[in-house]
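Engineer: One structure, as structure tokens, below. Some questions next.
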Amino acid sequence: MDDLDRRILSVLQENNRLSFAELAELVGSSAASCMRRVNKLRSDKVIIADISLVDPKALGKSLTVVVTVELERERLDLVDEFKRAMRATKEVTQCYMVTGDADFVLHVVVEDVEAFDVFVKTKLYTNPNVRKFRSMIALDRVKFEPRVNV
């Protein structure tokens, strides 16, 4: 990956709906070169998805909760089972396996406290491998930048 690839990635992380001509103008290259490079970045899985970021509040999801989870046992099969369960849970928008006091950190986005209560009862309390969890309700999203500094 060279400097032009990095410039392309930086611009695409801000707006991936640009035409190749517009992208080329912003990064100082040709449209054909940008098209080849973007296609290669996609095929090499450097660019893993082209998505639209949606404001959760516009869809009635006004509550974001950060949840730390400690597992009862850290057997590989049970850890993998928890990962699968979190991937399949629509309320969990991010899930990280971490070091430290917790085993996982979840970002849960739901309509309200009642919806979070349902999530807790159906996804955490019912999981026999969850030892304990702690939740922190987000009061304000101060910074949200789903991009990588290139």
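Residue numbers for the sequence shown, in our numbering: 1075 to 1224. C-beta: ideal position from N, C-alpha, C; glycine also.
1. Would you mind stating whether V1187 and E1165 have Cβ atoms separated by less than 9 Å?
2. Between M1210 and V1140, is the Cβ-Cβ spacing less than 9 Å?
3. Keeping to the same chain, check which residues put their C-beta closer than 6 Å to that of N1208; ignore five residues upstream and five downstream.
4. Which value, in whole angstroms, describes the spacing of the CA atoms of K1197 and F1178?
5. Secondary structure at I1121, three-state DSSP: helix, strand or coil?
6. Quick check on this structure: which residue in K1114, D1151, L1137, N1089 has the alpha carbon closest to the alpha carbon of V1184?
7. When we look at the beta-carbon of F1218 and count the other beta-carbons within 10 Å, is it buried (16 or more) or exposed?
Structural biologist: This is what the structure holds:
1. For V1187 and E1165, no; Cβs fall outside 9 Å.
2. Contact: yes.
3. The amino acid occupying residue 1208 in the given sequence is Arg; Asn does not appear at that position. So the qualifying residues of the chain are T1142.
4. Looking at the two C-alpha atoms, the distance is approximately 14 Å.
5. Here I1121 sits in coil by DSSP.
6. Closest by alpha carbon: L1137.
7. By the neighbour-count rule (16 or more Cβ atoms within 10 Å), F1218 is not buried but exposed.
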